[in-house]
Amino acid sequence: MSEINSSAITAIHDSEFESFAASTLFTEGWSVLHRALDWSSLISFLSTIKKLPDVLLLSTNLTGIEIGQIETLQRQGIRVFLFQESSSDALTFPHSIQKPENSLELIGLIRGSIRSPLLRNKSIIQSSAKAHVLTVGSAHGAAGCTSLSINLATELALTGKKVLLVDAHITSQSIAILLGLQGLHSAKEAQEIASNLWAIEVTQTNVFQSIEMLNRALNEFDLILIDIGTLTDVAQTLSGRRWSGEVLVWVSVHGDDLWVMSKSDRLGTERLRRLVLELSKNLMKSSISCVQSFTSENKRLKENDQAFLAVATSIRPKRILRYAMDSRSIAMAEREQCSLYDSNERSLLRKSVLELSGELEL
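Residue numbers (our numbering): 7 to 368.
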């Protein structure tokens, strides 16, 4: 369930849309406390409960609806989403929004509680975006997310694609350190770090500006590559109650591909098993691929490979990929603060990255 301990009330005149909304919320783990038929029944129900709902979904044509009372409910801490019955409703209800067309759009609208819902609503539904959004995450630490992200972004930039590399590790940003970049965390706009390659670093201070940057980047870049680090507590993160979940919430709506990295040892496989179970229960736009990281040709590891494949295939991934083991090349690139292309372009690891870059449909 993606929205732990979250509750909602619907008060929507259109029975078909109301059924769709309630069903979507229920599927995503929300508790739908009440499905009001008109404004008076809504107010009556609210007066009988001790704890107010997290979210209230309304329609502009609800019988007896009162704008002044909507504002009162918002001041009490309820996130109110007011859906238009027709485009002309925007004149009478300035804060109303269009109905989402599918479950993903609806969940994308209501996820998150840090920013104003109205701010999120304006940007959540994008017209045909230019950029392909690839997110690289992992089932556990030290799986190679940052190494792969830096080098994949570099290789695609070399082909002439305009690439935005995003460090969204939140608590352990490392791209700037590994590449010797100064001031990336405090930059107000994406910084050009190489030909066709830009970078931003998401922090608690700039998270909202970063989300707006990502919204603009959808129409300015060919590829947005997000290094999101270790994925844990996906359900809680997608509820959007903390600033650290903002990027994953954004990815859940705009992402095209999510590559989940994991080693194939016993611990890595177990972490992957838990993560794919979480991902299977949460609605996201991205197609999921599993990346077996730091693989080798050692025949003694065949048993680990089989265990990894068994777990990876359980989620029916788009692809199962392999990222080679080459610690010497990684150490050399880190020492020189550059990409594999610049430090050792003939390395096994760089060849592995080139193969992975060919898997993207850009």
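We put the CB at the ideal spot given by N, CA and C, even for glycine.
Task: Exposed unless 16 or more other CB atoms sit within 10 angstroms - verdict on L244 - done: The sequence position of residue 244 within the sequence shown is 238, counting from 1. By the neighbour-count rule (16 or more Cβ atoms within 10 Å), L244 is buried.
- [ ] For S122, count neighbouring Cβ atoms within 10 angstroms of its own Cβ and tell me buried if that reaches 16, exposed if not.
- [x] Translated into positions along the sequence shown, residue 122 becomes position 116. Here S122 scores only 46 on pLDDT, less than 50, and its place in the model is too uncertain to base an answer on.
Open item on the list: Rounded to whole angstroms, what is the Cα-Cα separation between T330 and S353?
Closed with: As a first step, residue 330 must be located in the sequence shown, where it is residue number 324. As a first step, residue 353 must be located in the sequence shown, where it is residue number 347. The sequence given here places Ala at residue 330; Thr does not occur at that position. Roughly 10 Å separates the two Cα atoms.
Open item on the list: Using DSSP's beta-bridge definition, name the partner residues of F32.
Closed with: Mapped onto the sequence shown, residue 32 falls at position 26. Its beta-bridge partners do not exist; DSSP assigns none.
Task: Inter-residue Cα distance where the pair is V282 and L289 - done: By 1-based counting over the sequence shown, the position of residue 282 is 276. By 1-based counting over the sequence shown, the position of residue 289 is 283. One C-alpha to the other measures close to 13 Å.
Open item on the list: So, for Y347: in the same chain, excluding its five sequence neighbours on each side, which residues have a beta-carbon less than 8 Å away from its beta-carbon?
Closed with: Taking the first residue of the sequence shown as 1, we reach residue 347 at position 341. Closer than 8 Å at the Cβ level, and outside the excluded window around Y347, lie N157, T160, E161, L164, R356.
TODO: Verify whether the separation of the beta carbon atoms of L184 and T152 is less than 8 Å.
DONE: As a first step, residue 184 must be located in the sequence shown, where it is residue number 178. As a first step, residue 152 must be located in the sequence shown, where it is residue number 146. Remark: C-beta atoms of L184 and T152 approach each other more closely than 8 Å.
TODO: Within its chain, find whatever has a CB closer than 6 Å to the CB of I232; leave out the 5 residues flanking it on each side and keep chain order.
DONE: Residue mapping note: residue 232 aligns to position 226 of the sequence shown, counting from 1. Contacts found: T141, V172, A174.
- [ ] Taking the CB atoms as reference points, tell me whether A42 and L112 lie closer together than 8 Å.
- [x] What you label residue 42 is simply residue 36 of the sequence shown in a count that begins at 1. What you label residue 112 is simply residue 106 of the sequence shown in a count that begins at 1. Not in contact: A42 and L112 (Cβ atoms no closer than 8 Å).
- [ ] Classify H260 as helix, strand or coil using the three-state DSSP reduction.
- [x] Here residue 260 is taken as the residue at index 254 of the sequence shown, counted from 1. Note: H260 maps to helix in three-state DSSP.
Task: Three-state class that DSSP yields for L220 in the structure shown - done: Here residue 220 refers to the residue found at position 214 when the sequence shown is read from its first residue. L220 falls in the helix class under three-state DSSP.
Open item on the list: Whole angstroms are fine: how far does the CA of H19 sit from the CA of L368?
Closed with: If you number the sequence shown from 1, residue 368 lands on position 362. If you number the sequence shown from 1, residue 19 lands on position 13. The straight-line gap from Cα to Cα measures roughly 42 Å.
TODO: Using the Cα positions of E342 and A193, report the straight-line distance between them to the nearest angstrom.
DONE: Your numbering for residue 342 matches position 336 in the sequence shown. Your numbering for residue 193 matches position 187 in the sequence shown. Near 23 Å, if we compare the C-alpha coordinates of A193 and E342.
Open item on the list: Alpha carbons only, please: which of E107, K56, S292, Q197 is nearest the one belonging to T30?
Closed with: Taking the sequence shown and counting its residues from 1, the one referred to as residue 30 is at position 24. Per the Cα distances, E107.
Open item on the list: Taking the straight line between their C-alpha atoms, what separation do you get for Q90 and S250?
Closed with: For this step, residue 90 is matched to residue 84 along the sequence shown. For this step, residue 250 is matched to residue 244 along the sequence shown. Per the coordinates, the alpha-carbon of Q90 lies some 31 Å from the alpha-carbon of S250.
Open item on the list: Let me check one thing: in DSSP terms, what residues is C296 bridge-paired to?
Closed with: As a first step, residue 296 is located in the sequence shown; it is residue number 290 there, counting from the start. In DSSP, C296 forms a bridge with V266, I326.
Task: Cβ distance (whole Å) where L362 is taken to contact L327 below 8 Å - done: Locating residue 362 in the sequence shown gives position 356, counting from the first residue. Locating residue 327 in the sequence shown gives position 321, counting from the first residue. Their Cβ separation, rounded to whole angstroms, is 6 Å, which keeps L362 and L327 in contact under 8 Å.
Task: Supposed contact pair S292 and V257 - C-beta distance, whole angstroms, cut 8 Å - done: In the sequence shown, counting from the first residue as 1, residue 257 sits at position 251. In the sequence shown, counting from the first residue as 1, residue 292 sits at position 286. Correct: roughly 7 Å between the Cβ atoms.
Open item on the list: Taking the beta carbon of A205 as the centre, do at least 16 other beta carbons fall within 10 Å, making it buried, or is it exposed?
Closed with: What you label residue 205 is simply residue 199 of the sequence shown in a count that begins at 1. By the neighbour-count criterion, in which 16 or more other beta carbons inside 10 Å mark a residue as buried, A205 falls on the buried side.
Open item on the list: Going by DSSP in three states, S335 sits in which element: helix, strand or coil?
Closed with: Here residue 335 refers to the residue found at position 329 of the sequence shown. If DSSP states are grouped into helix, strand and coil, S335 belongs with the helices.
TODO: Helix, strand or coil for A159, going by three-state DSSP, please let me know.
DONE: Taking the sequence shown and counting its residues from 1, one reaches residue 159 at position 153. Reduced to three states, the DSSP call for A159 is helix.
TODO: State buried or exposed for D332, treating a residue as buried only when at least 16 other CB atoms are found within 10 Å of its CB.
DONE: The count along the sequence shown starts at 1 and reaches residue 332 at position 326. That one is buried.
Open item on the list: When you compare the CB positions of L170 and F214, do they come within less than 8 Å of one another, or not?
Closed with: Stepping through the sequence shown from its first residue, residue 170 is reached at position 164. Stepping through the sequence shown from its first residue, residue 214 is reached at position 208. Contact check for L170 against F214 fails: the beta carbons are separated by 8 Å or more.
Task: Where the alpha helix (DSSP H) through Q197 begins and ends - done: In the sequence shown, counting from the first residue as 1, residue 197 sits at position 191. That residue, Q197, is in no alpha helix (DSSP H); its beta strand (DSSP E) goes 197-200.
Task: Cβ neighbours of F23 in the same chain (closer than 8 Å, five flanking residues each side left out) - done: Position 17 of the sequence shown holds residue 23. The residues are S65, F89, K105.
- [ ] Apply the 10 Å Cβ neighbour rule to E252 and answer buried if 16 or more other Cβ atoms are within range, or exposed otherwise.
- [x] For the purposes of this step, residue 252 is identified with residue 246 of the sequence shown, where counting begins at 1. Burial of E252 is indicated by the presence of at least 16 other C-beta atoms within 10 angstroms of its C-beta.
- [ ] Could you tell me the distance, in whole angstroms, from the CA atom of S53 to the CA atom of S21?
- [x] By 1-based counting over the sequence shown, the position of residue 53 is 47. By 1-based counting over the sequence shown, the position of residue 21 is 15. Those two C-alpha atoms are separated by around 24 Å.
Open item on the list: For I116, which residues in the same chain have their Cβ closer than 6 Å to its Cβ, ignoring the five residues on either side in sequence?
Closed with: One-based indexing of the sequence shown puts residue 116 at position 110. Closer than 6 Å at the Cβ level, and outside the excluded window around I116, lie V61.
TODO: Go ahead and pull the three-state DSSP assignment for L95.
DONE: Locating residue 95 in the sequence shown gives position 89, where the first residue counts as 1. Position check: residue 95 holds Asp in this sequence, whereas Leu was assumed. If DSSP states are grouped into helix, strand and coil, D95 belongs with the helices.
TODO: May I have the straight-line CA-CA distance separating C296 from D95, to the nearest angstrom?
DONE: As a working note, residue 296 is residue 290 in the sequence shown. As a working note, residue 95 is residue 89 in the sequence shown. D95 has its alpha-carbon roughly 45 Å from the corresponding atom of C296.
- [ ] State yes or no: is the C-beta of L370 within less than 8 Å of the C-beta of I230?
- [x] Residue numbering for the chain in the displayed model covers 7 to 368; residue 370 lies beyond these limits and cannot be assessed.
TODO: Just mark A337 as buried or exposed, buried being the case when its beta carbon has 16 or more other beta carbons within 10 Å.
DONE: Along the sequence shown, read from residue 1 onward, the residue named residue 337 stands at position 331. The Cβ neighbour count for A337, taken over all protein chains shown within 10 Å, is under 16; the residue is labelled exposed.
Task: Identity of the residue in E198, T209, N202 nearest T177 by Cα - done: Within the sequence shown, the letter at position 171 stands for residue 177. Of the listed residues, the one whose Cα sits closest to T177 is T209.
Task: Residue environment, T78, which counts as buried when at least 16 other CB atoms sit within 10 Å - done: Translated into the one-based positions of the sequence shown, residue 78 becomes position 72. Exposed.
Task: Range of the contiguous beta strand (DSSP E) that encloses R85 - done: Position 79 of the sequence shown, counted from the start, is the residue given in the question as residue 85. That run of the beta strand (DSSP E) goes 85-89.
- [ ] For G83, collect the residues of the same chain with a Cβ closer than 8 Å to its Cβ; drop the 5 residues on either side in sequence, then sort them by chain order.
- [x] Position 77 of the sequence shown, counting from 1, holds the residue named residue 83. The residues are L58.
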